[in-house]
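Take any residue in the sequence shown, count from 1 to its spot, add 320: that is its number in our numbering. Glycine included, each C-beta is placed from N, C-alpha and C at the ideal position. Computed from a prediction, not measured in an experiment: that's the story for all the values here.
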Amino acid sequence: MLIDFFYTLRAAKLPVSVKELLTLLEALQKGVVGPQSEDGWSMDDFYFLARTTLVKDEKHYDKFDRAFAAYFKGVEMLTDFSKELPAEWLRKMLERELTDEQKAAIQKMGWDELMKTLQKRLEEQKGRHEGGNKWIGTGGTSPFGHGGYNPQGIRIGGPGKNRSAVKVWEQRAYRDYDDTQELGTRNIKVALRRLRKFARQGGELELDLPDTIRSTAANAGWLDIKMVPERHNNVKVLLLMDVGGTMDDHIQRVEELFSAVKSEFKHLEFYYFHNCVYDFMWKNNKRRFGEKFDTWDIIRKYNKDYKLIFVGDATMSPYEITQPGGSVEYNNEEAGAEWLQRLTHAFPHHAWVNPEPQGVWEYRQSIDLIRRLVGGRMYPLSLKGLEETMRLLSK
Numbered sequence: 321m322l323i324d325f326f327y328t329l330r331a332a333k334l335p336v337s338v339k340e341l342l343t344l345l346e347a348l349q350k351g352v353v354g355p356q357s358e359d360g361w362s363m364d365d366f367y368f369l370a371r372t373t374l375v376k377d378e379k380h381y382d383k384f385d386r387a388f389a390a391y392f393k394g395v396e397m398l399t400d401f402s403k404e405l406p407a408e409w410l411r412k413m414l415e416r417e418l419t420d421e422q423k424a425a426i427q428k429m430g431w432d433e434l435m436k437t438l439q440k441r442l443e444e445q446k447g448r449h450e451g452g453n454k455w456i457g458t459g460g461t462s463p464f465g466h467g468g469y470n471p472q473g474i475r476i477g478g479p480g481k482n483r484s485a486v487k488v489w490e491q492r493a494y495r496d497y498d499d500t501q502e503l504g505t506r507n508i509k510v511a512l513r514r515l516r517k518f519a520r521q522g523g524e525l526e527l528d529l530p531d532t533i534r535s536t537a538a539n540a541g542w543l544d545i546k547m548v549p550e551r552h553n554n555v556k557v558l559l560l561m562d563v564g565g566t567m568d569d570h571i572q573r574v575e576e577l578f579s580a581v582k583s584e585f586k587h588l589e590f591y592y593f594h595n596c597v598y599d600f601m602w603k604n605n606k607r608r609f610g611e612k613f614d615t616w617d618i619i620r621k622y623n624k625d626y627k628l629i630f631v632g633d634a635t636m637s638p639y640e641i642t643q644p645g646g647s648v649e650y651n652n653e654e655a656g657a658e659w660l661q662r663l664t665h666a667f668p669h670h671a672w673v674n675p676e677p678q679g680v681w682e683y684r685q686s687i688d689l690i691r692r693l694v695g696g697r698m699y700p701l702s703l704k705g706l707e708e709t710m711r712l713l714s715k
C-alpha cells in the first residue's frame with residue numbers, strides 16, 4: 321500500500337526519496353504511531369507521521385495534502401456541532417445529474433430555516449444515506465451533504481460541485497501564494513508600471529547618464545559626470561487576496577500577479593481573506609486562526625494614499641456578503657458588505673481584479689453584489705483588465 325502511496329507523492333511532484341519512505345516504514349514498525357483501535361492506527365496519526373518523515377519543507381505541505389487526500393479518498397472532518405457525523409456517510413457513492421426542470425423545482429429554504437433544519441437532521445439521522453431530498457448524504461437534492469444538487473445548501477465533506485454552498489463543514493487548509501513564481505510573460509509587469517510614480521526624495525545621488533553623455537560630448541570628449549538625487553518609487557499598494565475554495569482554480573495566474581506586484585512596488589502590504597472580507601484577515605494561511613489582523617486595525621494603520629486592490633473571484637453564496645453569520649467558516653457578527661463598504665470608504669483609490677472569465681460574471685449573483693459594492697470597479701485578470709485597473713488607480 322505504501323509503495324503506491326509513495327508513487328502518488330512522486331506523481332504530485334513532491335521531492336520524496338526512497339530513504340524517506342524507509343524511514344516512514346521503520347517508524348511504523350517501531351510503533352511510533354500506536355494502535356488506537358482494532359483496525360490499527362488512526363488516519364490522523366498516520367497523516368502527521370507521514371508528513372513529518374516525507375516532507376522536508378513546509379512549502380510542499382499543500383501538495384502533500386492534495387496527494388494524501390487523493391490517495392486515501394477522504395480525511396476525517398470537523399464540525400461545530402456536538403454530534404459527530406460518521407465519515408462513511410460522506411463517502412461519495414453516487415453521481416447524479418439533474419435536468420433543468422428538476423433543478424428549477426428545488427425550493428430555496430432561506431438562511432435561518434436552513435440552519436434550523438440542519439440541526440434537526442443531525443438529531444434525527446441515524447445512518448448513512450444516498451440520494452433523496454431530505455437526509456444528510458451524497459448525490460441527492462437535499463441541502464445537506466455533497467455530490468448532488470441544491471441551489472443553496474450546506475456542503476458536508478466531499479468536493480464542491482455546483483459552488484452554491486452557503487456553508488462548508490470540513491477542515492480546510494489553504495496555502496500562501498508563491499511570490500517567487502517565475503512569470504511566463506513580462507506583460508503583467510508592464511501593465512503594473514502604469515501605476516508607478518517616482519519622487520525625488522533624500523540626499524543620495526545616482527548617475528544621470530543622458531546628461532553625462534551630453535556634457536561629455538560638449539566638453540570635447542573629456543568625461544563630465546553628472547549626478548541627480550535618486551528616484552524612489554512612491555506608490556503605496558494594499559493588496560487583499562482571496563485564497564482557498566474556488567480560488568484554487570486560479571492559483572497560477574494569481575501567483576504570477578503577486579510576483580509581479582512584489583517586484584514592481586516597493587511600498588506593498590498584503591493580506592489574505594476567504595471569499596469575502598470580514599472582521600479579520602491574515603498573512604500566513606497556515607496560522608490564519610492564530611495570527612489574525614483586525615480589519616479595523618488595518619483600516620487605521622494605512623492612510624488613504626494607499627491604492628487598495630482586491631484580488632478574488634467573488635464566487636460564493638450571496639449570504640456570505642449580505643448576512644451576519646454568513647461566512648462559510650465562522651459566525652461573523654457583521655455582514656461582509658459592511659466591511660467592504662468600510663474599506664472602500666477608507667481607501668478612495670480602490671479596484672477589484674477578478675480571475676473569473678468576464679463572460680460568466682452576469683450569471684453569478686455574488687459577483688454582481690461585489691461589483692456594486694466596489695462601485696463598478698471590477699476588472700478581469702487579463703492584460704487589458706490590468707491596464708484599465710492601473711489607469712483608474714493612477715487618477
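Report all residues from its chain with a CB closer than 8 Å to the CB of residue i; omit the five preceding and five following residues, and keep chain order.
| i | result |
| --- | --- |
| T615 | V597, Y598, D599, F600, M601, W659, R662 and L663 |
| G504 | For G504, the pLDDT reaches just 44, beneath the cut-off of 50, and the residue's location in the model is therefore unreliable, although a value from the coordinates is still provided. The answer, listed in chain order, is E576. |
| L701 | H570, R573, V574, L577, V631, V673, N674 and P675 |
| E378 | K606 |
| F613 | Y591, F600, M601, W602 and K603 |
| L322 | L341, L344 and L345 |
Using a Cβ-Cβ cut-off of 6 Å (strictly less than) and excluding sequence neighbours within five positions of residue i, which residues of its own chain qualify?
| i | result |
| --- | --- |
| T536 | L543 and D544 |
| L587 | Note on identity: in this sequence residue 587 is His, with Leu being the wrong assignment. Answer for H587: K556, listed in chain order. |
| M561 | Y592 and V631 |
| V338 | none |
| V680 | none |
Should residue i go down as buried or exposed, given a rule of 16 or more other Cβ atoms within 10 Å for buried?
| i | result |
| --- | --- |
| M636 | buried |
| H594 | buried |
| G656 | buried |
| T709 | buried |
| L529 | exposed |
| D364 | exposed |
| V375 | buried |
| P677 | exposed |
| D633 | buried |
| Y683 | exposed |
| F590 | buried |
| M547 | exposed |
| E584 | buried |
| V563 | buried |
| H380 | buried |
| L512 | buried |
| G610 | exposed |
| G541 | exposed |
| G565 | buried |
| V648 | buried |
| E417 | Only weak support exists for where E417 lies, its pLDDT of 39 falling under 50; the value from the coordinates is given anyway. With fewer than 16 Cβ atoms within 10 Å of its Cβ, E417 is classed as exposed. |
| A425 | Per-residue confidence for A425 stands at a pLDDT of 44, beneath the threshold of 50, marking its modelled position as unreliable; no derived number is given. |
Can you give me the Cβ contacts of residue i inside the same chain, cut-off strictly under 7 Å, excluding the 5 residues immediately before and after it?
| i | result |
| --- | --- |
| F326 | V336 and L341 |
| E645 | The residue asked about is misnamed: residue 645 is Gly in this sequence, not Glu. Contacts found: N651 and N652. |
| R697 | H670, A671, W672 and L712 |
| G531 | The question names Gly, but residue 531 is Asp in the sequence shown. K546. |
| Q427 | Because Q427 sits at a pLDDT of 46, beneath the cut-off of 50, its placement in the model cannot be relied upon, and the following sentence gives the value as read from the coordinates. Here the set comprises nothing. |
| Y622 | L558 and E589 |
| D568 | none |
| A666 | I619 and K624 |
Using 8 Å for Cβ pairs, my map puts residue i next to residue j. What's the rounded Cβ distance?
| i | j | result |
| --- | --- | --- |
| I641 | S579 | Going by Cβ atoms, the distance from I641 to S579 rounds to 29 Å, so no, they are not a contact pair. |
| A347 | T373 | 6 Å |
| V581 | L559 | 6 Å |
| R386 | A331 | Rounded, the Cβ-Cβ distance is 11 Å, inconsistent with contact. |
| K383 | L334 | 5 Å |
| L329 | V352 | Not confirmed; about 19 Å, so no contact. |
| G713 | I508 | Gly is not the amino acid found at residue 713; the sequence shown has Leu there. No, L713 and I508 are not in contact; Cβ-Cβ is about 15 Å, not under 8 Å. |
| P638 | L693 | Not confirmed; about 12 Å, so no contact. |
In the segment 578-615, which residue ranges form an unbroken beta strand (DSSP E) of at least 3 residues, counting only runs that do not cross its ends?
-> Unbroken beta strand (DSSP E) runs of no fewer than 3 residues, entirely contained in the segment 578-615, are found at 587-593, following chain order.
Enumerated in chain order, which unbroken segments of the beta strand (DSSP E) with a length of 3 residues or greater are wholly contained in the segment 647-691?
-> Here the runs fully enclosed are 670-674.
Three-pair Cβ contact test at 8 Å for the segment 669-684 versus the segment 622-641 | Flag = yes, the segment 669-684 and the segment 622-641 touch.
Every unbroken alpha helix (DSSP H) inside the segment 327-371 [4 residues or more] | Listed in chain order, they are 338-349.
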